[in-house]
């Protein structure tokens with residue numbers, strides 16, 4: 001073979017994949033990436049400002065409306081709130097304190113645009129849609145577990161391991177929703 005005359009296909013021949021799931025020994029796998037089914041809907045983004053800033057971790061303002069809230073400033077709902085698109089202030093519920101909750105409409109976020117981007121019909125993935133899905137999927141864990149940064153923790157049942165100085169071992173997980181090839185994936189890692 002002369003230098004520069006070999007075709008790229010003759011240089012490397014990868015082995016053919018035998019049987020495609022029918023040959024070999026079956027094994028059990030644990031997965032930490034899961035495909036997210038995205039509804040073809042719009043969600044409504046609101047800016048939330050709660051005063052004073054030092055407040056309980058969990059506050060019930062909307063009852064059974066079930067908005068997705070990041071605990072800071074971003075809230076998403078499947079249906080528009082009956083507050084119009086102006087600023088509104090609601091009294092909060094507290095034992096010894098009154099909270100002022102100010103909610104302001106920000107925008108309509110299209111999950112349909114996200115689906116189109118994942119299908120390759122748009123050049124860029126709309127970051128507002130990715131943020132909305134991430135906040136929505138993190139909302140329920142934040143109500144059930146103790147959020148610390150981007151992770152969630154709970155005290156282990158039947159297992160107490162003090163580290164001294166008021167510290168103890170808790171187990172938890174980190175979760176995020178990210179775009180992948182042709183779909184959105186939920187990644188969950190143990191912490």
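In UniProt numbering, the protein residues as written are 1 to 191. Idealized CB from N, CA, C, for every residue including glycine.
Chain-order list of residues whose beta-carbon lies under 8 Å from that of residue i (same chain, five-residue window excluded)
i           : result
residue 191 : 151, 153, 171, 172, 173 and 174
residue 110 : 42, 126 and 129
residue 155 : 168 and 170
residue 113 : 122, 126 and 129
CB of residue i within 8 Å of CB of residue j, strictly
i          : j           : result
residue 36 : residue 133 : yes
Boundaries of the beta strand (DSSP E) in which residue i is found, first to last residue
i           : result
residue 179 : 171–180
residue 45  : 42–51
residue 104 : 100–110
residue 186 : 183–190
residue 35  : 33–36
Residues bridged to residue i [DSSP beta-bridge criterion]
i           : result
residue 167 : 164
residue 68  : 76
residue 147 : 152
Same chain only: Cβ atoms within 6 Å of residue i, ignoring 5 sequence neighbours per side
i           : result
residue 45  : 76, 106, 107 and 109
residue 186 : 34, 36 and 177
residue 146 : 153
Backbone CA spacing between residue i and residue j [nearest angstrom]
i           : j           : result
residue 188 : residue 23  : 30 Å
residue 140 : residue 79  : 18 Å
residue 52  : residue 33  : 38 Å
residue 69  : residue 135 : 6 Å
residue 73  : residue 27  : 45 Å
residue 81  : residue 131 : 20 Å
residue 104 : residue 47  : 5 Å
residue 25  : residue 16  : 18 Å
residue 148 : residue 183 : 28 Å
residue 180 : residue 122 : 14 Å
residue 29  : residue 83  : 48 Å
residue 160 : residue 49  : 37 Å
residue 193 : residue 158 : What is shown of the chain runs 1 to 191, which leaves residue 193 out entirely.
residue 31  : residue 102 : 41 Å
residue 71  : residue 138 : 10 Å
residue 164 : residue 67  : 39 Å
residue 166 : residue 120 : 52 Å
Neighbourhood of residue i by C-beta, 7 Å cutoff - its chain only, sequence neighbours within 5 removed
i           : result
residue 39  : 111
residue 124 : 117
residue 162 : 168
Span of the alpha helix (DSSP H) around residue i
i           : result
residue 130 : 127–144
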